[in-house]
Amino acid sequence: MKTIADILGLKYPLFQGGMAWVADWHIAAAVSEAGGLGIIGVGGADENWLRDQIKKIREVTDKPFGVNLMLMNPRADEIAKVIAEEKVKVVTTGAGSAGKYIPMWKEAGCFIVPVVPSVALAKKMERDGADAVIAEGTESGGHVGELTTMALVPQVVDAVSIPVLAAGGIADGRGVAASFMLGAVGVQCGTVFLASEEVNIHQNYKDMVIKAKDTSTKVTGRSSGAPVRQIRNQLTAKYLELEENHASFEEMEALGAGSLRKAVVDGDTKEGTFMAGQISGMIREIKPVKTIVDEMFSEANKLMGDAGPVC
Ligand code: TUI
Numbered sequence: 000m001k002t003i004a005d006i007l008g009l010k011y012p013l014f015q016g017g018m019a020w021v022a023d024w025h026i027a028a029a030v031s032e033a034g035g036l037g038i039i040g041v042g043g044a045d046e047n048w049l050r051d052q053i054k055k056i057r058e059v060t061d062k063p064f065g066v067n068l069m070l071m072n073p074r075a076d077e078i079a080k081v082i083a084e085e086k087v088k089v090v091t092t093g094a095g096s097a098g099k100y101i102p103m104w105k106e107a108g109c110f111i112v113p114v115v116p117s118v119a120l121a122k123k124m125e126r127d128g129a130d131a132v133i134a135e136g137t138e139s140g141g142h143v144g145e146l147t148t149m150a151l152v153p154q155v156v157d158a159v160s161i162p163v164l165a166a167g168g169i170a171d172g173r174g175v176a177a178s179f180m181l182g183a184v185g186v187q188c189g190t191v192f193l194a195s196e197e198v199n200i201h202q203n204y205k206d207m208v209i210k211a212k213d214t215s216t217k218v219t220g221r222s223s224g225a226p227v228r229q230i231r232n233q234l235t236a237k238y239l240e241l242e243e244n245h246a247s248f249e250e251m252e253a254l255g256a257g258s259l260r261k262a263v264v265d266g267d268t269k270e271g272t273f274m275a276g277q278i279s280g281m282i283r284e285i286k287p288v289k290t291i292v293d294e295m296f297s298e299a300n301k302l303m304g305d306a307g308p309v310c
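Residue 59 in numbering that gives the first Met the number 0 sits at position 60 of the sequence shown; the count goes up by one each step and never skips.
Written out as structure tokens, the structure is:
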């Protein structure tokens, strides 16, 4: 039977998460060159930014890559069109339901992989024509659902007939092996690439991940309906205090405005939003992407023998 890596022309069944502000062509090209699927994460950027990023990645690699559309982006319609026009090989989506774009992307020949936090959304995405789903547990960084990877992945695997990739808390061969044991055919990792040489983010962001321990991340925004996991700092303390005091949505929005840029571009350790997953505590050093990926899969293959990803 064909593996997801065979279908997409990859060495490893590994997607890189489409991290807003972080996942530009630099990290995407490095992951694709290393044998995974690099993904350009559009986040809150516009369609012109995406066109430029696609042009740049095509200049530096001929390996397959993908684009992630964050569905809360106000310019989602225009960005979805660019994805189709550029015939991007793989499209992942987050923070919403991708249904309305699927026919257009299918027409363009894209392989469509929504990120889902629940069985209900996985089933809906399958009905709407998705080619696979990524079941993402709440261990992940950024916008998260409620269920853990351990509970979510097998339930999604049982509920749909399309391939399922696992995400949330995976940063080494043990996580890959565990994902396969849960029935996943591949993994998506984000946090581990924050501690890579190639990722185009402020050094302070990388240092925050390296210094983090198991309990260093917090989820803010559960009460306002946009829960976001990030490394604890002065901003999260203020945010959680506002939430406890039932501050208005507007007050909390104002506090968070522009804070991801402050983290990624300015390295503002006090007022930036340093989105990262719970597995940050296991990540101890900055490595080249190729080393991260090769180590992850040689460890997974050792652990799993013939049941493993075989790559
Ligand atoms: O989307 C992500 N992770 C993200 S997006 C992002 S940008 C952002 N910044 C600030 C606030 C909010 C977003 C940073 N990280 N992961 C995939 C994911 N999707 N996690 C959870 C969901 C999700 C949640 C609810 C998907 C669908 C959903 O409801 C669908 C519906 O409409 O029924």
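The beta carbon of each residue, even a glycine, is placed where N, CA and C say it ideally should be.
Neighbour-count burial assignment, A306, 16 or more Cβ in a 10 Å radius: exposed
Distance, G271 Cα to A262 Cα: 4 Å
I82 - DSSP class collapsed to helix/strand/coil: helix
E135: CB within 7 Å of a non-hydrogen atom of the ligand TUI: yes
Residue nearest to I56 in terms of C-alpha spacing, selected from A75, K88, I78: K88
P113, enclosing beta strand (DSSP E) - first and last residue: 110 to 115
Extent of the continuous alpha helix (DSSP H) run through F179: 172 to 180
Segment contact, 8 Å Cβ cut-off, at least three pairs: the region 70 to 82 with the region 128 to 138: no
Length-filtered (4 minimum) alpha helix (DSSP H) runs lying within the region 226 to 287: 233 to 243, 248 to 255, 258 to 263
Rounded distance between the beta-carbons of R283 and I209, thought under 8 Å: 6 Å
V186 (DSSP reduced to helix, strand or coil): strand
Beta-ladder partner(s) of M69, from DSSP: G93
Nearest-angstrom Cα separation, counted from D265 out to L151: 35 Å
Distance, G144 Cα to G16 Cα: 15 Å
CB of I82 within 8 Å of CB of V112, strictly: no
Helix, strand or coil at S195 according to DSSP, with G and I counted as helix: strand
Cβ neighbours of T147 in the same chain (closer than 7 Å, five flanking residues each side left out): G136, T137, E138
Nearest-angstrom Cβ-Cβ length linking L68 and T92, presumed shorter than 8 Å: 5 Å
For G174 and P162, the rounded distance between their alpha carbons: 18 Å
Buried versus exposed, by CB contacts within 10 Å (16 or more), P12: buried
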